[in-house]
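Data block below; observations after.
In this note's numbering, the protein residues as written are 3 to 1050.
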């Protein structure tokens, strides 16, 4: 038999006892793992475990909640059965172990000292047996003793007096429940982990194995009353493999606790991991005066670790302010000077104070009383004793003799048997402690000075105490309640008197009546849309005031992104110094298994004066769902309207839409098509440059026309399916911004233009387009600078060559002279073309971008006159040029109306661009009207092309018709993505139709690219034929000598 102790000091109280004799019939609350049976026998002794019960893999646990104390003591009998071979037996109390090794005899004594001050204790017992056949163990006579704190103290240390520990008040307690079915989250938020609870053996914890990991954070914000310091107590459970990583606690975003832990393989595994687990009890004291306290438990671990963790038993104690510095010695540091009986100091209301609360010692309840055995006393001094008691020096002594083996020995008080003056056995209810017979409060037996037992109501330290709100009580029975309360003889407690005009602590208001509808209900609760002012020594005054409320509204949806607005019905204000956005908690409540990110975007924070407050929540859902998720928003601080009426609700929910997602195969296909489009665009640009070199034709204008028109289709204000959205990313290639960023020209231009960011609207806002024309026109300014530099460089080279004489021309030979003349002719041709149509070509090539940036600026909200002047100048120039379609051309060759419309094709195309871009920008808030008007414009222009056929050749005809037909079908079919049709048309059908649109846009690019290849082949053929004729001329062909240096 082994008696194990985990204790410190004396004065213990028996709090729990199990398996004390042969009468127990079940596990008595203990959890048993890997055992053949729970109850067995060794000879005639009944054991918890025993032979053929507890073996090598058996573990027994129990989780016990404790009252305020500063130490515990555990005693038990351990039974070792059969042969043990140098093996261990473990007793764990919150991870601190008593290891017993080489127990040769059945009866063996050992002792281990521990201090426990936590709200609960987890006890685990197991062994490291190696043989299952002939090695067994069991226990009995388990006892748990506690060392309680002084009266009315909620926390203490062994050396604390009542005065010291009364400074601490338990304000917040969380995660204390022993039952896993009743264990709740209680407002704790887990980030980068699963928002759930788990169980380690029989311990409910927040977090747990594979639920919280290296990046997980457990967060809670708590509002505290006025205080000067705080004490934080908690259990931190280390789970699985910790390799000297740090567990951390941040208080108000400051690192307060940083604890390094290394797992030991030999430790007991009780949470399910592969490595030993550990429970750490921690207590932290720190100065603190802020009203809001934020706790954050996390870890500092490397990315390859398998650690997990959890917490429970979180308690916050606050230290009171020392507000009354003039209180005499002996009074607690409280808000008022109020004496405490038992502090050793006598105040005005006390007759005596002997520093204890025990009767029969001359002073009880700080009033004089007779000592035990005294029949007549004055002010606690005895002058006469009762019968059977001996009076000596103002004290009474009871004398009795016990005859044992013909010897008369005087025994101590409450001793049943003594030998040679030493007590061997005490009376019932008394226990031999330090050779004295003393009672143990909580053992279920009232003896000595005990007036009650702990299982009775209103009993503390086996002495009666008054119940809550009771002013006078006798032996635990309340005789008179405090002012504002009346005694309920059925429920046996003091309840507030609603309607008496006095506001008690349990009432929100009391307007001197018990009627509803006047602001204060029959239960003395403030009714909705009322505010009540409570006055000291008077009743409450209530008045009607419409309370503000906050609402949630789903404002926008873009694929996996959804945007929810938080707005208030009234203008509100705050009375707190905290940033209100930090007091907003958000989470998705359903479904459970969901991966998401929430981002709060403040639009307008509240101030001390009322204002329009608004926030925007960005929700990114990265999981394919079958049902819509629910967003829950909780405000952890209060807001008020202009008349100080608080919010009527602080929690709200909204059902989101099912996120628009693609499976991996569909997403891969969309990315593949995007890459095909990107390389096709690059090939089109390369072939256009090759055509320019071969034949001098500027077909690149037609190529840019196709690419620009398709790129602006993405700004139609509907939510395209994700595969179409991915495809449109190829349009980002049609930009000179990478070149500008490379040469850093934007920094030079910005110093002159002083651009700013102007917010766009609708789909343009999603693409984060800047509406400021001074920023957008930088590309065109750069192009103009390059063209002007090219033109003047060309002009200077021409002048230089013209100044050369014939001798200088032939200085390097005739071949170089011929080459110089060819260059000169090419440069003169470029100069003539530049002077004749450079402005027109520049406008045609950049018309899409110039019109788009102009309308963005015109419909933006800014007071910059220069920006508006530039925007309107571009718009009016384009309008004037397009209006020339209404003027007749003075050309004798053009005689019919059809020829006139064909001659005006460039002006009609420019007008079409003006209408298309203006509708695209103007109607961003009306998607139905926008799509219908865009379709109508494409239709009219397509009819014009079909009737008039203003094409230069067949290639121009094919490219133009392919572009316009695909644009018309795309605009028309985009109506399938209207918001009104999303609930009717399944997202999978939209994705299938988007594949058709992608194929149509991509085929337009292919047609243009193939036509360019055909042109290259034709030109190459001409070059080959020309060279053949040059080297093999016909016999009868006359040789014509041309002066290669002739300058026309």
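Just so it is clear, CB atoms sit at the ideal spot from N, CA and C, and this is done for glycine as well.
In three-state terms, what does DSSP make of residue i?
i, result
"residue 997", "helix"
"residue 869", "helix"
"residue 1111", "Since the first residue shown for the chain is 3 and the last is 1050, residue 1111 is missing from the structure and cannot be characterised."
"residue 177", "coil"
"residue 443", "coil"
"residue 851", "helix"
"residue 405", "Its pLDDT being 39, under 50, residue 405 is placed unreliably by the model, and the measurement read from it follows with that caveat. Three-state result, residue 405: strand."
"residue 245", "strand"
"residue 576", "strand"
"residue 1032", "helix"
"residue 129", "strand"
"residue 927", "coil"
"residue 71", "strand"
"residue 647", "coil"
"residue 677", "helix"
"residue 530", "coil"
Can you have a look at residue i and say buried or exposed, based on whether 16 or more other CB atoms are within 10 angstroms of its CB?
i, result
"residue 142", "buried"
"residue 610", "exposed"
"residue 61", "buried"
"residue 210", "buried"
"residue 778", "buried"
"residue 585", "buried"
"residue 353", "exposed"
"residue 237", "buried"
"residue 981", "exposed"
"residue 672", "buried"
"residue 159", "exposed"
"residue 355", "buried"
"residue 17", "buried"
"residue 189", "exposed"
"residue 545", "exposed"
"residue 121", "buried"
So, under 8 Å CB-CB, residue i and residue j are touching, yes? Tell me the CB distance rounded to an integer number of Å.
i, j, result
"residue 597", "residue 625", "5 Å"
"residue 234", "residue 318", "6 Å"
"residue 463", "residue 153", "6 Å"
"residue 993", "residue 670", "With 8 Å as the limit, residue 993 and residue 670 do not qualify as a contact, their Cβ atoms being about 14 Å apart."
"residue 726", "residue 1004", "Residue 726 to residue 1004, Cβ: 11 Å. No contact."
Could you compute how far the alpha carbon of residue i sits from the alpha carbon of residue j?
i, j, result
"residue 405", "residue 348", "Because the pLDDT of residue 405 is 39, which lies under 50, any placement of that residue in the model is unreliable, and the question is left without a value."
"residue 528", "residue 855", "57 Å"
"residue 231", "residue 176", "19 Å"
"residue 379", "residue 367", "17 Å"
"residue 932", "residue 648", "43 Å"
"residue 329", "residue 252", "Because residue 329 sits at a pLDDT of 48, beneath the cut-off of 50, its placement in the model cannot be relied upon, and the point is left open."
"residue 645", "residue 549", "9 Å"
"residue 606", "residue 614", "7 Å"
"residue 826", "residue 678", "41 Å"
"residue 946", "residue 954", "15 Å"
"residue 107", "residue 49", "Low local confidence applies: a pLDDT of 45 at residue 107 is under 50, so the model's placement there is unreliable, and no value is given."
"residue 772", "residue 559", "21 Å"
"residue 24", "residue 599", "59 Å"
"residue 532", "residue 547", "5 Å"
"residue 66", "residue 77", "15 Å"
How is the beta strand (DSSP E) around residue i delimited, first residue to last?
i, result
"residue 260", "256-264"
"residue 291", "Taken as a continuous stretch (DSSP letters only), residue 291 belongs to no beta strand (DSSP E), as it is neither H nor E."
"residue 599", "598-606"
"residue 980", "Segment: none, residue 980 is in no beta strand (DSSP E) and carries neither H nor E."
"residue 567", "563-570"
"residue 490", "487-490"
"residue 901", "Looking at the DSSP string, residue 901 is not in any beta strand (DSSP E); the run it does join, the alpha helix (DSSP H), is 899-905."
Quick check on the DSSP output: the alpha helix (DSSP H) that includes residue i runs from which residue to which?
i, result
"residue 791", "780-804"
"residue 975", "956-975"
Can you check whether the C-beta of residue i is within less than 9 Å of a C-beta belonging to chain B?
i, result
"residue 935", "Included in the structure is just one protein chain, with no chain B present."
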